[in-house]
Amino acid sequence: EDGTYLVGFDLPVGDYAVQERDNAMFASIIVRAGESTDDPLIVHKLVSGQADVYLARNTWVTFFEVRAWPLGTEPSLMGEDGAVGEGAYLIGKQLPEGSYTVSVVDKAPLSSYSVYSGILGSGQETLTKFEVIHGDTELTLNAGDYVELSGATMTYIQ
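Residue 15 in the numbering used here sits at position 15 of the sequence shown, and the numbers go up by one each step.
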C-alpha cells in the first residue's frame, strides 16, 4: 500500500519487486537513510511496469502508486509469447537466463536497455551495458543480471 515504512520493523529486509498500479500517474519508490526528506536519498525510482529494489534494515521506503512483493512472489509480467514490457527484471529469478530480442516500442521517443550487475539499492549495482536501439537487437542475459527496458520490449528466444 502507499505509505512510508521502516525496513526491519514495518517490512522485512530483502529484495522486493515493485509494479506500478493500473492508471498510475507517478508510480515511484523512494528509499532514504532516515524518515525526514532531508535525510540522504538512497534510491529514487519512477516505476514503469516493474522495478526491483533491495531494502536494507533501518532505511525508510515510500511507495506511491505501486504494489510491492518480496522478490519471487510477485505476479509474472511475462506474456504467453515470452514477452515483457517496459520495466526492470532480475534474470534467473523473474526471467530465465538466455537470449532475448529487444524491440522498439512504437511512438517511444527513445528506446534503450541497460544491464546492471545488481538490483537498485544493493550497493552492488554497476552498469555493465547500455544501448539505444533503433530496431530489433539480440541480447544474451545471465543469472544475476538486472535488465531495465525504456521505450522497449523484450521477448525470450531461448
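Cβ atoms here follow ideal geometry from the backbone N, Cα and C, with glycine treated the same way. This one's a predicted model, so the numbers in the text were calculated from it and none came from an experiment.
Reduced DSSP category for residue i - H, G, I as helix; E, B as strand; rest coil
{"i": "S99", "result": "strand"}
{"i": "Q158", "result": "coil"}
{"i": "V53", "result": "strand"}
{"i": "A143", "result": "coil"}
{"i": "R32", "result": "strand"}
{"i": "T153", "result": "strand"}
{"i": "A88", "result": "strand"}
{"i": "K93", "result": "coil"}
{"i": "D15", "result": "strand"}
{"i": "F26", "result": "coil"}
{"i": "E125", "result": "coil"}
{"i": "A83", "result": "strand"}
Cβ distance (whole Å) where residue i is taken to contact residue j below 8 Å
{"i": "G151", "j": "V84", "result": "Actually they are not in contact, since the Cβ atoms of G151 and V84 sit about 14 Å apart, beyond 8 Å."}
{"i": "V66", "j": "V47", "result": "5 Å"}
{"i": "L149", "j": "G87", "result": "6 Å"}
{"i": "Y156", "j": "L139", "result": "Not really, about 11 Å apart at Cβ, beyond 8 Å."}
Residue from the options whose Cα sits closest to the Cα of residue i
{"i": "G144", "options": "A17, T137, E97 and P70", "result": "E97"}
{"i": "N58", "options": "L139, G87 and P40", "result": "P40"}
{"i": "Y5", "options": "F63, Y89, L46 and T155", "result": "F63"}
{"i": "I122", "options": "L90, L139 and V66", "result": "This sequence places Ser at residue 122; Ile is not what is there. Closest by alpha carbon: L90."}
{"i": "V115", "options": "G92, Y146 and E86", "result": "Y146"}
{"i": "N23", "options": "T126, P70 and G49", "result": "G49"}
{"i": "H44", "options": "I29, T37 and G34", "result": "I29"}
{"i": "I42", "options": "M25, A27 and W60", "result": "W60"}
{"i": "E35", "options": "S117, K93, L120 and V7", "result": "V7"}
{"i": "A68", "options": "L127, A33, Q94 and D2", "result": "D2"}
{"i": "T137", "options": "T153, E125 and T126", "result": "T153"}
{"i": "I119", "options": "M25, V18 and T37", "result": "V18"}
heavy atom of the ligand FMN below 7 Å from residue i C-beta
{"i": "N142", "result": "This structure simply doesn't include the ligand FMN, nor any ligand for that matter."}
Check your understanding: Is the segment 128–137 touching the segment 89–107, taking contact as three or more C-beta pairs under 8 Å?
Key -> The segment 128–137 vs the segment 89–107: in contact.
**Study point:** Segment contact flag, the segment 8–23 with the segment 54–63, C-beta cutoff 8 Å, min 3 pairs
**Key:** Under the 8 Å Cβ criterion, the segment 8–23 counts as touching the segment 54–63, having at least three qualifying pairs.
Review point. For the 8 Å Cβ check, are there 3 or more pairs between the segment 72–82 and the segment 113–132?
Key: The way I'd put it, the segment 72–82 doesn't touch the segment 113–132; fewer than three beta-carbon pairs between them come closer than 8 Å.
Check your understanding: Are there three or more Cβ pairs, one per stretch, closer than 8 Å when the segment 105–113 is compared with the segment 60–74?
Key -> Taking a contact to require three or more Cβ pairs closer than 8 Å, the segment 105–113 and the segment 60–74 do not qualify as touching.
Point to revise | Secondary structure, beta strand (DSSP E): runs of 3+ residues fully inside the segment 55–80 | key: Every beta strand (DSSP E) of 3 residues or more that sits fully in the segment 55–80 is shown, in chain order, as 60–64 and 66–70.
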